[in-house]
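First residue of the sequence shown? That's 599 in the numbering used here, and the numbers climb one at a time after it.
To start, the structure itself, in structure tokens.
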Amino acid sequence: MKHVNKIGVLFFCFLTSLVFSQNSEKLKKEQERLDKKISNTKSLLDKTQHQSKNSLSQLQLVEKQIEYRESLLSNFNHQIRGSELKLQERSQQVVILNQRIEKMKQQYKRMLIYAYKKRNKVGKVMYIFSATNYFEAVRRKRYLEKIAELQQKQFLIIRQNERLLKHEMQLIEQDKRQKIVLVTEKEKEKEKIEADKREKELLYQKLKKEEQSLATQLSNDEKKKAVLKQKIANAIQKEIAAAEAKRKKAEEAARLKAEKNKTTTTASNTNTNTSKEVKAPAKKELSFEEAKDYKLNSNFETNKGKLPWPVASGAITENFGKNPHPTLENVFTNNNGVDITTQKNGEVRAIFDGEVTSIVNIPGAGKLVIIKHGNYRSVYCNLQETSVSIGSKVSTKQKIGSLLVKEGESLSTVHFELHVVNGSSVQVLNPNGWIAR
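This is the structure:
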């Protein structure tokens, strides 16, 4: 019973080790992702050091950097905890293995003592030949062979368990070293967070002195947002109206064709053939664009959470929905999409295969491009130049234009939105749930 319990404990330890290993791999991948984001944000911040004035985007980048670093710190904490649990689990395995080895050694010892006492070869032969018949002699011979085989097996099992024990001890040392590295990295990250917080406070105080100009800038930005929102809504509604007109035209053409077919057929075949002639055009009138839209719509949805960013690299400096102003107290902005800060004149790219349906020029706010993906629309704003035109077919990650640069700033920001069209209604989506993390 005790032996069964120990096997159960070892099996549990194996499963626990497997879970720890999977979680560890997941945490390491998350660490790599955060390291990449931190490196990217740091690169953007380095470019702001020589710009002519402090900006909100600079402060937002520092805040984003702190957010990434705190996530990385949390990741280190989870890895350290996992390492500690792994050490405990391995230590338990070592205890069980030591107990098993000790027990097997005692058994092996007793077998050797017994074998030593019965070591007389003549005695073994006499033991076999003293059997009452041939079959009993064969059984006695097999019995002696089994004892010798059991001794050899016990010896091999002890050696195997000793090797396993040695391996576990090596893994424990490896885990200890890994834990030390993680703790060191954690302390370094804490120091970097404190440095970022000091930089944030410095920027905050500088921008706080410009509160009046920031309030004016915010008011202007909100007006631009309202204009942008209306322009996007008008462009999509115009597109919906055009699609509806096209659909009605196709239906009318199908109806006229059906009537023509009806008048040219004989009266005797009217009841049987007319219905067939009416149904056939109805299937043919499903245009190439509509069939393609259905396919694209399906593919677009299945890629939710994995779509590429509208820029090759950058940091989200304003999220979807309600956002607190970085410096003005009790002031909030509303965002229909996300703002991604990237390098100066950064290239903007399509997030998925589709068709360019609108390009709108907004005075003082650059250009916006709308791409159709079935029932979905991706919107790219704040473009200086566009490299596509209305009707262009674009592929995933294809360049569609370059970004504007505000005077005195060394970075650019793309405003990106996602919409879904259902009939004549349009719903704004949170892009964070669609683009890759």
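Backbone N, C-alpha and C define an ideal beta-carbon position, used for all residues, glycine too.
Please read all numbers here as calculations on a predicted model, not as lab measurements.
Looking only at Leu-657, Asn-673 and Leu-643, the smallest Cα-Cα distance to Lys-627 is reached by Asn-673. With fewer than 16 other beta carbons inside 10 angstroms of its own, Phe-930 counts as exposed. Measuring C-alpha to C-alpha distances from Asp-633 to each of Ser-655, Gln-663 and Ala-839 identifies Gln-663 as the nearest. Three or more Cβ pairs closer than 8 Å define a contact, and the segment 911-922 falls short of that threshold against the segment 971-984. Boundaries of the beta strand (DSSP E) around Asp-937: 936-941. The C-alpha of Gly-680 is placed about 44 Å away from the C-alpha of Leu-1001.
For Ala-913, the enclosing beta strand (DSSP E) begins and ends at 913-916.
Note: Gln-1025 is bridge-paired with Val-1018 in the DSSP secondary-structure output.
Within a 10 Å sphere around the beta-carbon of Asn-897 sit fewer than 16 other beta-carbons, which makes this residue exposed. Here Glu-809 carries a helix assignment [DSSP, helix/strand/coil].
If you compare the alpha carbons of Ile-694, Ile-711 and Arg-775 with that of Ala-746, the shortest gap goes to Ile-711.
The shortest CA-to-CA distance from Glu-916 to any of Ser-641, Arg-775, Glu-665 and His-676 is the one to Glu-665.
Its chain contains Leu-816, Val-929, Phe-930 and Thr-931 as the residues whose beta carbon lies nearer than 7 Å to that of His-923, once the 5 sequence neighbours on both sides are disregarded; these appear in chain order. In the displayed model, Glu-927 falls within coil according to three-state DSSP, outside both helix and strand.
Glu-623 and Glu-760 have their C-alpha atoms roughly 29 Å apart. With a cutoff of 8 Å on beta-carbon distance, Trp-1032 and Lys-902 are scored as near each other. The continuous beta strand (DSSP E) containing Gln-982 extends over residues 974-984. The alpha carbon of Glu-787 has as its nearest neighbour, out of Arg-667, Gln-772 and Lys-701, the alpha carbon of Arg-667. Between Val-992 and Gly-952, the gap from beta carbon to beta carbon is short of 8 Å. Residue pairing by DSSP places Glu-945 opposite Ser-1000 in a beta bridge. Of all alpha-carbon atoms in Glu-837, Lys-846 and Leu-926, the one lying nearest the alpha-carbon of Lys-807 is that of Leu-926.
For Lys-965, the enclosing beta strand (DSSP E) covers residues 965-971.
DSSP, read as helix, strand or coil, puts Gly-1006 in coil.
For the pair His-1017 and Leu-1027, the CB atoms are nearer than the 8 Å cut-off.
Under the DSSP definition of a beta bridge, Asn-933 partners with Gly-919. Rounded to the nearest angstrom, the gap between the Cα atoms of Gly-935 and Gly-964 is 17 Å. If you draw a 10 Å sphere on the C-beta of Glu-1015, you find 16 or more other C-beta atoms in it, and that means buried. Around Asp-773, the same chain offers Ser-681, Lys-684 and Leu-685 as residues with beta carbons nearer than 6 Å, after the five sequence neighbours per side are excluded. In the same chain as Glu-661, and ignoring 5 residues on each side of it, no C-beta atom comes closer than 6 Å to its own. DSSP places Asn-901 outside both helix and strand once states are collapsed to three, so it counts as coil. In the DSSP annotation of this structure, the continuous segment of the beta strand (DSSP E) that includes Asn-959 starts and ends at 952-959. For the pair Arg-688 and Glu-771, the CB atoms are not nearer than the 8 Å cut-off. Restricting attention to Ala-729, Ala-1034 and Leu-754, the CA atom closest to the CA of Ile-699 is found in Leu-754.
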